[in-house]
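Count the sequence shown with my numbering and you get residues 92 to 333, in order. In what follows, a single structure is set out as structure tokens and then discussed.
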Amino acid sequence: MKALRFTGGRLSVDEIDPPFAGSEALIRVVMSGICNTDIEIVRGYAGFSGTIGHEFVGIVEELADRTDLIGKRVVGEINAGCGVCANCVGGDPRHCPSRTVLGIVGRDGAHAEFLRLPAENLVVVPDNVSNEQAVFAEPLAAAWGIREMADIKRDTRLAVIGDGKLGLLCAMSLRLVSDNVISIGKHRSKLDIASAADIETMLVDEITGSLNGSFDVVVEASGSEWICHGPRPRSAPRDHRT
């Protein structure tokens with residue numbers, strides 16, 4: 092099969108054998124998404140070597156113990172835990188110290204014709220969700236995870252800093268549970284996507300000191316240095332920055 096691999100400091104499309112699934116699911120990839128993490132891996136992040144990519148939609152081709160999943164269109168949790176440590180037993184394999192991570196740590200990824208993942212990592216995609224929508228499942232799950240960090244209600248005041256893919260997904264997911272979300276970024280064309288989802292927007296250049304203390308939760312989703320040095324919205328005392 093063809094796979095996009097980063098090995099020896101070089102990115103290339105290589106012809107390799109399909110993965111041996113063993114007790115895991117063999118998944119035929121029908122669509123994969125490019126994440127900024129993929130780009131950072133090529134720049135040296137995490138010291139990863141192998142097939143990159145972790146955002147995908149695929150069809151289960153082989154799975155010994157769950158024949159009901161064969162032929163199903165799926166997305167997947169990218170962290171695969173050891174199954175026996177305290178974190179795994181406690182239901183949080185994402186923080187297993189021995190975990191592998193699809194296309195990031197110790198496990199070949201999704202920019203290939205096939206990949207493998209444990210059956211328990213898979214989620215069947217409903218028929219009314221397109222591949223183009225489902226491929227965003229992994230970053231959307233990360234965005235939705237903000238609700239695990241803060242108690243967000245309909246009247247919670249939120250600011251999301253960053254208008255990239257993750258920033259927009261954060262703003263959109265939070266808008267589902269709060270009427271007071273503002274998306275802040277550098278690019279009007281990207282902020283227009285948030286505006287179309289009924290989200291208030293603001294360019295970075297428009298930030299003033301009057302915003303300090305205006306928010307219950309501030310989400311930093313830009314990953315940029317300017318947020319550390321330039322003007323930025325601040326949460327009210329004892330509230331949340333994530």
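Glycine included, each C-beta is placed from N, C-alpha and C at the ideal position. For clarity, every value in this text was computed on a predicted model and none was experimentally measured.
Asked	Found
Should Glu-223 be labelled buried (16 or more other beta-carbon atoms within 10 Å of its own) or exposed?	exposed
In chain order, what residues of the same chain lie with their CB nearer than 6 Å to the CB of Val-192, ignoring the 5 residues before and after it?	Ile-169 and Asn-170
Taking 9 Å as the cut-off, decide whether the C-beta atoms of Gly-167 and Leu-231 are in contact.	no
Ends of the alpha helix (DSSP H) at Ile-161?	Note, Ile-161: premise wrong, no alpha helix (DSSP H); not H, not E.
List the DSSP bridge partners of Ala-94.	Asp-105 and Ala-203
Determine the extent of the alpha helix (DSSP H) in which Asn-219 is found, giving its start and end residues.	Neither: Asn-219 is in no alpha helix (DSSP H) and is coded neither H nor E.
Thinking C-beta only, is Val-133 closer than 9 Å to Ile-143?	yes
Name the DSSP beta bridge partners of Ser-274, please?	Val-251 and Thr-292
Could you name the residues of the same chain whose beta carbon sits closer than 7 Å to that of Val-148, not counting the 5 residues immediately before and after it, in chain order?	Val-121, Met-122, Arg-164, Val-166, Val-216, Asn-222, Ala-225 and Val-226
Going by alpha carbons, who is nearest to Ser-140 out of Arg-185, Ser-103 and Val-151?	Ser-103
Determine the direct distance from the alpha carbon of Arg-198 to that of Ala-94, and round the result to whole angstroms.	13 Å
Taking the continuous beta strand (DSSP E) assigned at Asp-307, which residues delimit it?	306-311
In whole angstroms, what is the alpha-carbon distance linking Arg-157 and Glu-211?	10 Å
Given this structure, state the Cα-to-Cα distance separating Phe-334 from Gly-255, to the nearest angstrom.	This structure leaves residue 334 out entirely; the chain is present only between 92 and 333.
With a cut-off of 8 Å, do at least 3 Cβ pairs link the stretch 258-270 to the stretch 231-242?	yes
If you check the beta carbons only, do Pro-184 and Gly-174 fall under 9 Å apart?	yes
Give me the Cα-Cα distance between Gly-258 and Ile-252, rounded to the nearest whole angstrom.	7 Å
In terms of alpha-carbon separation, which member of Glu-153, Asp-218 and Leu-249 lies closest to Val-268?	Leu-249
My output table needs one value for Leu-267: the three-state DSSP class, helix, strand or coil.	coil
Answer yes or no: do Ser-274 and Thr-292 have a C-beta to C-beta separation smaller than 9 Å?	yes
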